[in-house]
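**Student:** Here the sequence shown stands for residues 0 to 291, where the numbers follow numbering that gives the first Met the number 0. I have a structure here, written as structure tokens, and I will follow up with some questions on it.
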Amino acid sequence: MICSLCPRRCAAARQAGHGAGWCRMPEDLRVARAALHRWEEPCISGERGAGTVFFSGCTLGCVFCQNGPISHGNFGKPVSEDGLWAIFQDLAGQGAHNLELVTPTQYSHVLARVLSRPIPGGLPVVWNSGGYERVGTLRALAGKVDVYLPDLKYLTPERAQRYSGAADYPQAATEAIREMFRQRGPVRLEGGLLKSGVLIRHLLLPGGVAEAKRVMDWVAEQFPRGSVLFSLMAQYTPMGTLPGRPELNRTLRPSELRSARAYLENLGLPGYVQELSATGRECIPAFDLTGV
């Protein structure tokens, strides 16, 4: 395939078994982990956990990525379409509340086919992405994804380029999130679990309170109050020294989280605020082919 799935439209000639393009992934699926995951927002993890599938590769280049072995290091195992559906069956059998697809964008063309099949247990499908999506690619998923769980990392092109190698991220992500909302509409919860809708995440970075406020303002202005959920994430963990970006070589200060939390509360955005206790490598899943 000549790939144009993500906003980079790199036109890489991706083939089965041969990685290419920005994401460095082949045309067929690569999976690094599939297991119950209890560390998402309460409306996603519930009591038993989300049935989470971590895909290899990524369309972004975030220098602070906590999933580096799979996003930058390409770790993972080839999985067929039938094999992925069998993984879905297994997760449903373990009691998963939903099927959560993490970093799936580079496999949108395959996942659109797999998600056209009957979903085991009728579980909601959660699309957990960095928000860097093409509207045309998302439209091919219409009716196949129940919950969109996108990041909105930046609204400033300079920050998006410096930290993720994508100056067009703000435009691409905001257009994508509008499309996600067009598809699913206002959030629908049952028994405290999100069954349909959009939950927008923002990872608070060191020195990033002003950017977080821009993001929260945008969400509040774009969507009727209560129609989307917002998650302010505080789990930033330095994954190594970044010589060219010394501002990221520290954890968040409690004052930064307090400031961002107060702003969120003043806006009245419904959702979640992650505590600083979520930082640390012990909160990062083991990418060891569990469940693959």
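Note that the Cβ used here is the ideal one computed from N, Cα and C, for glycine as well.
#1: Are the beta-carbon atoms belonging to A33 and V291 less than 9 Å from one another?
#2: Going straight from the alpha carbon of Q14 to that of N248, what length do you get?
#3: If you check the beta carbons only, do L202 and M232 fall under 9 Å apart?
#4: Per DSSP, what kind of secondary structure is T51 in: helix, strand or coil?
#5: Using a 10 Å radius around the Cβ and a threshold of 16 neighbouring Cβ atoms, would you call E99 buried or exposed?
#6: Please name the residue in P269, R213 and A31 whose C-alpha comes closest to that of G75.
#7: What's the C-alpha gap between T120 and A91?
#8: Using three-state DSSP, classify G16 as helix, strand or coil.
#9: Between which two residues does the alpha helix (DSSP H) harbouring V208 extend?
#10: With distances taken between CB atoms, is the gap from L148 to I69 smaller than 9 Å?
#11: Confirm, please, whether the CB-CB distance from T173 to L154 is below 9 Å.
#12: Once you ignore the five residues that flank A139 on each side, which residues in its own chain have a CB closer than 6 Å to its CB?
#13: Would you kindly work out how many angstroms separate the C-alpha atoms of I199 and L193, rounded to a whole number?
#14: Is DSSP giving R112 helix, strand or coil here?
#15: Taking F53 as the reference, which of E210, N127 and G225 has the closest Cα?
#16: Can you say whether R183 is buried or exposed, counting buried as having 16 or more other CB atoms within 10 angstroms of its CB?
#17: Quick check: the stretch 241-261 against the stretch 0-9, are there 3 or more CB pairs under 8 Å?
#18: Please list the segments of the alpha helix (DSSP H) lying wholly inside the stretch 130-202, counting only runs of 4 or more residues, in order along the chain.
#19: Near A11, which residues of its chain fall below 7 Å by C-beta distance, leaving aside the five closest residues on each side in sequence?
**Tutor:** This is what the structure holds:
#1: The residue labelled residue 33 in the question sits at position 34 within the sequence shown. The residue labelled residue 291 in the question sits at position 292 within the sequence shown. Yes, Cβ-Cβ distance for A33 and V291 is below 9 Å.
#2: On the sequence shown, residue 14 is found 15 positions in, with the first residue counted as 1. On the sequence shown, residue 248 is found 249 positions in, with the first residue counted as 1. Spanning the two alpha carbons is a distance of roughly 38 Å.
#3: Working through the sequence shown from its first residue, we reach residue 202 at position 203. Working through the sequence shown from its first residue, we reach residue 232 at position 233. Closer than 9 Å, so yes.
#4: On the sequence shown, position 52 is the one that residue 51 refers to. Note: T51 maps to strand in three-state DSSP.
#5: By 1-based counting over the sequence shown, the position of residue 99 is 100. E99 should be labelled buried.
#6: Reading the sequence shown from its first residue, position 76 is the one you call residue 75. Cα-wise, what sits closest to G75 is A31.
#7: In the sequence shown, residue 120 corresponds to position 121, counting from 1. In the sequence shown, residue 91 corresponds to position 92, counting from 1. Correcting the residue identity first, residue 120 is Gly in this sequence and not Thr. Cα to Cα, G120 sits roughly 6 Å from A91.
#8: What you label residue 16 is simply residue 17 of the sequence shown in a count that begins at 1. Of the three classes helix, strand and coil, the one that applies to G16 here is coil, per DSSP.
#9: In the sequence shown, counting from the first residue as 1, residue 208 sits at position 209. Looking at the DSSP string, the run of the alpha helix (DSSP H) that includes V208 is V208 to Q221.
#10: In the sequence shown, residue 148 corresponds to position 149, counting from 1. In the sequence shown, residue 69 corresponds to position 70, counting from 1. Not in contact: L148 and I69 (Cβ atoms no closer than 9 Å).
#11: Working through the sequence shown from its first residue, we reach residue 154 at position 155. Working through the sequence shown from its first residue, we reach residue 173 at position 174. Cβ distance < 9 Å, so L154 and T173 count as in contact.
#12: By 1-based counting over the sequence shown, the position of residue 139 is 140. Excluding positions up to five away in sequence, the list reads A111.
#13: Locating residue 199 in the sequence shown gives position 200, counting from the first residue. Locating residue 193 in the sequence shown gives position 194, counting from the first residue. Rounded to the nearest angstrom, the two C-alpha atoms are 13 Å apart.
#14: The residue labelled residue 112 in the question sits at position 113 within the sequence shown. If DSSP states are grouped into helix, strand and coil, R112 belongs with the helices.
#15: In the sequence shown, counting from the first residue as 1, residue 53 sits at position 54. Checked all of E210, N127 and G225; the closest Cα to F53 is N127.
#16: By 1-based counting over the sequence shown, the position of residue 183 is 184. It is buried - the Cβ of R183 has at least 16 other Cβ atoms within 10 Å.
#17: no
#18: 134-138, 156-163 and 168-183
#19: As a working note, residue 11 is residue 12 in the sequence shown. C2, A19 and G20, listed in sequence order.
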